[in-house]
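A.B. asks: I have a structure here, written as structure tokens, and I will follow up with some questions on it.
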Amino acid sequence: MEVLWLLKPPWNSVTGTPVAPRESCYGSVIRLHKDSKFNNKLYRASDFEHIVSQWKEAPWKKIINKQVDETNKTNIYTDGSKTERGVGSAFVAYQGNKETHEWKETLRNSNSIYQAELNAISQAILWASTSSYTNIEIHTDSESSVKSIYKFFNNNPLIYKIRKNIQPETNGKNFAISWIKAHIGIAGNERADTLAKEAANNDQHKNGQINTPASALKYQLKRKVYYTGKKSGMKVKQEEEHSTSIPKPH
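For the sequence shown, the tail end lands on 254 under our numbering, and the numbers increase by one without skipping.
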């Protein structure tokens, strides 16, 4: 008999425990910024990124792919890297064909490549905001980062920082962000890629201040339920949660 899955039950099919406590833990840590326990393990709010308030308008949209005055334009290339050894962010600035500044940072192993890419963009903006340069174009090969910055509903804290700091009224600068294709011989992009990999493979200075992404907490909580059920001797299925089923008519 074929089965049609329609609704999720309020309990876990592996352990028989309610799903609500897991969601409550996630909400407390990420949304309320409070420590919370789940299955006897304490999850500290200070370890994870926090969701920020939404913007009421989208003035940053005009920054994406905007044309910047070519007169004395500074080009900044950013990149992020995640390897088996770690996570890193980097950017490099050029005035004409001359490299004028480079920056790299080793992040925590729990950080994601998405965070590394956004962190590089954010740090490039902060650096340029305090420099003497006025016309700045930031180039990234992370299409997801550009789309996330442009997207109206996004409560990622790194996105929030980028949107806030890139506004002309905030820093008096003329910024633009553009997407470029990776590994097609653009010198700045290749240089940023090298620096990001160097930072990721630095085993000594994992000093990045970016917290673990909220998505990682959701995954950890799901795995906690999975292994709790496995240790209890119950039959563990590939999906930890299933939907209530009813027979599908033939």
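Quick reminder that beta carbons are idealized off the backbone N, C-alpha and C, glycines included. Being a predicted model, the structure only gives us computed values, none of them experimental.
1. Report the rounded CA-to-CA distance for V91 versus H143, giving the unit in angstroms.
2. Exposed or buried, Y223, counting other C-beta atoms within 10 Å across all chains shown (16 or more means buried)?
3. Does DSSP put A186 in a helix, a strand or coil?
4. Should A203 go down as buried or exposed, given a rule of 16 or more other Cβ atoms within 10 Å for buried?
5. Between which two residues does the beta strand (DSSP E) harbouring I34 extend?
6. Would Q256 be called buried (16 or more neighbouring beta carbons within 10 Å of its own) or exposed?
7. Spatial neighbours of A24 within its chain, please: CB distance less than 6 Å, with the 5 preceding and 5 following residues excluded, ordered by chain position.
8. Going by DSSP, name the residue or residues bridged to I140.
9. How should E74 be labelled, buried or exposed, when 16 other C-beta atoms within 10 angstroms of its C-beta is the threshold for buried?
10. Starting from the Cα of K168, find the closest Cα among S182, I129 and A200 and give me that residue.
11. Give the range of the beta strand (DSSP E) segment to which Q99 is assigned.
12. Does DSSP classify G84 as helix, strand or coil?
13. Could you please give me the residues that DSSP links to F42 through a beta bridge?
14. Touch check for the stretch 152 to 171 and the stretch 106 to 125: three-plus C-beta pairs under 8 Å?
15. In terms of alpha-carbon separation, which member of N43, A191 and I117 lies closest to S148?
16. Within the same chain, show all residues whose beta-carbon is closer than 8 Å to that of N193, passing over the 5 residues directly before and after it, in chain order.
17. With DSSP run on the structure shown, which of helix, strand or coil describes K239?
18. State the start and end residues of the unbroken beta strand (DSSP E) segment that holds T198.
19. In whole angstroms, give me the CA-to-CA distance for T216 and T78.
20. With distances taken between CB atoms, is the gap from A218 to I34 smaller than 7 Å?
21. Please determine, among V72, T198, E106 and F156, the residue with the shortest C-alpha to C-alpha distance to F95.
22. Taking only the alpha-carbon atoms, compute the straight-line gap between E109 and I181 and give it to the nearest angstrom.
23. Excluding the five sequence neighbours on either side, which residues of its own chain have a C-beta within less than 6 Å of the C-beta of S85, listed in chain order?
C.D. replies: Let me lay it out:
1. Cα-Cα distance, rounded: 20 Å.
2. So Y223 ends up on the exposed side.
3. Here A186 sits in coil by DSSP.
4. Buried.
5. From DSSP, I34 is part of no beta strand (DSSP E); its letter is neither H nor E.
6. Outside the displayed span of the chain (5 to 254) sits residue 256, for which this structure offers no information.
7. Around A24: no qualifying Cβ.
8. The partner list for I140 (beta bridge, DSSP) reads T78 and F179.
9. Around the beta carbon of E74, fewer than 16 other beta carbons sit within 10 angstroms, so the residue counts as exposed.
10. Ranking S182, I129 and A200 by Cα distance to K168 puts I129 first.
11. Element bounds for Q99: V91 to Q99.
12. Strand at G84.
13. Answer by DSSP bridge pairing, in chain order: K45.
14. Yes: at least three Cβ pairs fall under 8 Å.
15. Of N43, A191 and I117, the smallest CA-CA separation from S148 is found for I117.
16. Y81, D83, H143, D145, I184, A186 and H187.
17. In this prediction, K239 has a pLDDT of 48, which is less than 50 and means its spatial position is unreliable; what the coordinates show is noted afterwards. For K239, the three-state secondary structure derived from DSSP is coil.
18. That residue, T198, is in no beta strand (DSSP E); its alpha helix (DSSP H) goes A191 to A204.
19. Between T216 and T78, the alpha-carbon positions lie close to 32 Å from each other.
20. Result yes, Cβ atoms of A218 and I34 sit closer than 7 Å.
21. Checked all of V72, T198, E106 and F156; the closest Cα to F95 is E106.
22. E109 and I181: Cα-Cα distance of roughly 21 Å.
23. The answer, listed in chain order, is G92, A200, K201 and A204.
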